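Below is one structure, written out as structure tokens; comments come after it.
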Amino acid sequence: MKILIANLGSTSFKYRLFDMDESNAAQLASGGFERVTDYTRCIEEMLESLVGEGHLQSGEEIDAVGFKTVLGKDLSGCVTADARVLEALEGFKEVAPAHNPAYAAGIRCFAEKLPTVPRVALFETAFYQWMTPAAYNYAIPQAWRDLGIRRYGFHGASHKFVAERSAEMLGNEAIADRVRQLYVDGPGEYDGAPLRVLSCHLGGSSSVTGIQNGVAIGASMGFSPQGGLPQNNRVGDLDSMAIPYVCKMLGLSVEEAERQLNKESGLLGLSGVSNDARDIGEAIEEGNENAQLAIDVLIDSIRHWAGSFFFKMGGAEAIVFTAGIGENDADLRAAVCAGLEGFGVQIDPEANAKAIRGAEGVISTPDSKIKVLVIPANEELVIAREVFRKVQAS
Numbered sequence: 007m008k009i010l011i012a013n014l015g016s017t018s019f020k021y022r023l024f025d026m027d028e029s030n031a032a033q034l035a036s037g038g039f040e041r042v043t044d045y046t047r048c049i050e051e052m053l054e055s056l057v058g059e060g061h062l063q064s065g066e067e068i069d070a071v072g073f074k075t076v077l078g079k080d081l082s083g084c085v086t087a088d089a090r091v092l093e094a095l096e097g098f099k100e101v102a103p104a105h106n107p108a109y110a111a112g113i114r115c116f117a118e119k120l121p122t123v124p125r126v127a128l129f130e131t132a133f134y135q136w137m138t139p140a141a142y143n144y145a146i147p148q149a150w151r152d153l154g155i156r157r158y159g160f161h162g163a164s165h166k167f168v169a170e171r172s173a174e175m176l177g178n179e180a181i182a183d184r185v186r187q188l189y190v191d192g193p194g195e196y197d198g199a200p201l202r203v204l205s206c207h208l209g210g211s212s213s214v215t216g217i218q219n220g221v222a223i224g225a226s227m228g229f230s231p232q233g234g235l236p237q238n239n240r241v242g243d244l245d246s247m248a249i250p251y252v253c254k255m256l257g258l259s260v261e262e263a264e265r266q267l268n269k270e271s272g273l274l275g276l277s278g279v280s281n282d283a284r285d286i287g288e289a290i291e292e293g294n295e296n297a298q299l300a301i302d303v304l305i306d307s308i309r310h311w312a313g314s315f316f317f318k319m320g321g322a323e324a325i326v327f328t329a330g331i332g333e334n335d336a337d338l339r340a341a342v343c344a345g346l347e348g349f350g351v352q353i354d355p356e357a358n359a360k361a362i363r364g365a366e367g368v369i370s371t372p373d374s375k376i377k378v379l380v381i382p383a384n385e386e387l388v389i390a391r392e393v394f395r396k397v398q399a400s
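As numbered in the working numbering, residues 7 to 400 make up the sequence shown, in order.
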């Protein structure tokens, strides 16, 4: 089955083509376009390239197109990208302005260009749809909740992959299979050996999720990707009273305050150097105290959220690091796990140092009660697998 994954931004279009079966996924091609103003033309050029390179005979040879949609009002999961999805994306376009309009436009363009090819949307919020009301509700008036303001959680594809792959690495095939079928069959009942995972997706955008027996029980990100950990240039958690106070004291409009919280905050705002952890690391080596503060705040926030989920789940069998920073920054991983020996966390310094540049592995010692894993992220592959399962089940 040939599955195309379309990753759409406000001015970009990237794609990957996979050849899938029950047990294997081979990437056939990838590419992209920047400064996009016409998605239809991008799709046409993409198809011309895929046919010209011999990956396809025609666009109709594609078995399904998958979209990594971000946030839909009143809709989540892995679902057919139909009119309901378009309505859901439009309903929250103000909350995800860089992504929702782009995905809505892209879905319409694919429907026009390849009308017979199935289209599947995998929402970033999908992995969190089984959180309890206590976990997803904010303490706000009913009128606000009626607007859909609640904790949704994001990076769902990445955290779901962590749930599946960590179970495989730790020899719990029952939970791995439960995760594989989660969007098809739902969580169902589970009474086997427990597996509680603290999943840390750390990159330009970061989040922590508690995963109990393959199902998310909570998320650090909230109503939008703005909440939770400090991001590359987004604030993360912030007391709501800070916004009206800053607007009054600095003479800012709400729109300008929002822009600064989205564009000039996070690691960039703290360090004053860059929104890239690699640049911040270089500044730390040169003695930049603000750069050190940025990393210290990030580490503290990771520990805060991981500790919260550890408490809620009554413990953990594994801590997992994934995404660009999580996969490559051995010092940060060690700092996050520092002082946890009393809980049974023992880091192997040599294994930790080697787990970089896409290397998967266990970085805890053999006698560590809680295992610490590094699992490289591949969100496009995750989406392709879910699209495959959705189409197979249809």
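Even for Gly, the Cβ is constructed at its ideal location relative to N, Cα and C. The model shown is predicted, which means the values in this text are computed figures rather than measured ones.
Is it true that the CB of residue 142 sits closer than 8 Å to the CB of residue 156? Residue 142 sits close to residue 156, with the two beta carbons spaced by under 8 Å.
Using 8 Å as the threshold, is the C-beta distance between residue 70 and residue 107 below it? no
Per DSSP, what are the beta-bridge partners of residue 367 in this structure? 380
Those residues which DSSP pairs with residue 26 across a bridge: 31
Rounded to the nearest angstrom, what separates residue 241 and residue 147 at their Cα positions? Spanning the two alpha carbons is a distance of roughly 24 Å.
Rounded C-beta distance between residue 91 and residue 127? I'm assuming under 8 Å. With a Cβ gap of about 5 Å, residue 91 and residue 127 count as contacting.
In the DSSP output, what is residue 50 paired with across the bridge? Paired residue(s): none; residue 50 is not in a bridge.
On the DSSP bridge list, what partners appear for residue 218? 202 and 221
Where do the ends of the beta strand (DSSP E) carrying residue 73 lie? 70 to 73
Within a Cβ cutoff of 7 Å, which residues of the same chain sit near residue 94, ignoring the five residues on either side of it in sequence? 78, 79, 80 and 81
Reduced DSSP secondary structure (H/G/I, E/B, other) of residue 267: helix
Contacts around residue 62, its chain only, beta-carbon distance under 6 Å, and the 5 residues preceding and following it disregarded: For residue 62, where only same-chain residues beyond five positions count, the Cβ hits under 6 Å are 56.
Look at residue 304 and residue 235 and say whether their C-beta atoms are less than 8 Å apart. yes
Comparing C-alpha positions only, which one of 382, 343 and 33 sits nearest to residue 376? Checked all of 382, 343 and 33; the closest Cα to residue 376 is 343.
6 Å Cβ shell around residue 412 - same chain, five flanking residues per side excluded: In this structure the chain extends from 7 to 400, so residue 412 is not present and cannot be described.
Helix, strand or coil for residue 292? Go by DSSP, reduced to three states. coil
Apart from the five residues just before and just after residue 170, which ones in its own chain have a Cβ nearer than 8 Å to its Cβ? 182, 185, 186 and 220
Could you tell me the alpha carbon to alpha carbon distance between residue 423 and residue 291, rounded to whole angstroms? Lying before the first or after the last residue shown, residue 423 is absent from the chain, which here runs from 7 to 400.
Distance CB(residue 202)-CB(residue 319) smaller than 8 Å: yes
Sort 314, 114, 265 and 20 by Cα distance to residue 51 and report the nearest one. 20
What are the partner residues of residue 20, as DSSP defines its beta bridges? 13 and 38
Nearest-angstrom beta carbon gap, residue 49 and residue 115 [assumed within contact, 8 Å]: 6 Å
Can you tell me whether residue 335 is buried or exposed? The criterion is at least 16 other CB atoms within 10 Å of its CB, across all chains shown. buried
Using beta-carbon positions only, say whether residue 388 and residue 7 come within less than 8 Å of one another. no
When the distance is taken between beta carbons, is residue 225 closer than 8 Å to residue 159? yes
Roughly how far, in whole angstroms, is the beta-carbon of residue 374 from the beta-carbon of residue 350, given that I think they are within contact range, below 8 Å? Indeed, because the Cβ distance is near 6 Å, the residues count as touching under 8 Å.
Validate contact between the segment 358 to 368 and the segment 23 to 41 using beta carbons, cut 8 Å, 3 pairs: no
Contained alpha helix (DSSP H) runs [length at least 4] in the segment 114 to 189, N- to C-terminal order: 139 to 142, 148 to 152, 162 to 175 and 179 to 186
Going by beta carbon distance, what residues of the same chain come within less than 6 Å of residue 166, once the five residues before and after it are set aside? 133
Residue burial classification, residue 189 (beta-carbon count within 10 angstroms, cutoff 16): Classification for residue 189: buried.
Give me, in chain order, the residues of the same chain whose beta-carbon lies closer than 8 Å to that of residue 260; leave out the 5 immediate sequence neighbours on both sides. 249 and 253
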